[in-house]
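Residues in the sequence shown are numbered from 29 upward in steps of one, following the numbering used here.
Structure first, commentary second.
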Amino acid sequence: MTLADFCALPRTMAEIENEGFTRHQVYGAVKRGELVNQNRKDAWGRIRRGAGLFTVAAPAPVYDAAPLVDAWR
29 MTLADFCALP RTMAEIENEG FTRHQVYGAV KRGELVNQNR KDAWGRIRRG
79 AGLFTVAAPA PVYDAAPLVD AWR
């Protein structure tokens, strides 16, 4: 099982380490954009300290403006 497969559901660092992955693997995946820490910021955008909740990063949706352009023609 890969780290991305395991983190399909939000996981704490303790759960990830219990599965056999290292902190270096997790932080490397965050740096590469494969995982995100959902607890990184609060509702006001302030950086939070403490336990992280890691999950797979969702790919950015592709914006297609063609329907909007067609509507304005």
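Ideal Cβ placement from N, Cα and C applies to all residues, glycine included.
DSSP beta-bridge partners of residue i
i, result
"Leu-31", "Paired residues: none, contrary to the question."
"Thr-40", "Leu-81"
"Lys-69", "Ile-75"
Proximity test, residue i beta-carbon vs the ligand MN heavy atom, cut-off 7 angstroms
i, result
"Ile-44", "Among the ligands in the structure shown, none appear at all, so the ligand MN cannot be discussed."
Cβ separation of residue i and residue j, assumed to be a contact under 8 angstroms, to the nearest whole Å
i, j, result
"Gly-61", "Ala-99", "The Cβ separation is near 34 angstroms, so there is no contact."
"Phe-49", "Leu-37", "The Cβ separation is near 15 angstroms, so there is no contact."
Best match in the options for proximity to residue i [C-alpha to C-alpha]
i, options, result
"Val-58", "Met-41, Asp-70 and Gly-48", "Met-41"
"Ala-79", "Phe-34, Ala-36 and Glu-43", "Glu-43"
"Gln-66", "Gly-73, Leu-81 and Arg-77", "Leu-81"
Extent of the continuous alpha helix (DSSP H) run through residue i
i, result
"Val-64", "Segment 63-65 is the beta strand (DSSP E) holding Val-64; no alpha helix (DSSP H) there."
"Asp-92", "That residue, Asp-92, is in no alpha helix (DSSP H); it is neither H nor E in DSSP."
"Gly-56", "51-60"
Contact check, residue i vs residue j, beta carbons under 8 angstroms
i, j, result
"Asp-70", "Arg-77", "no"
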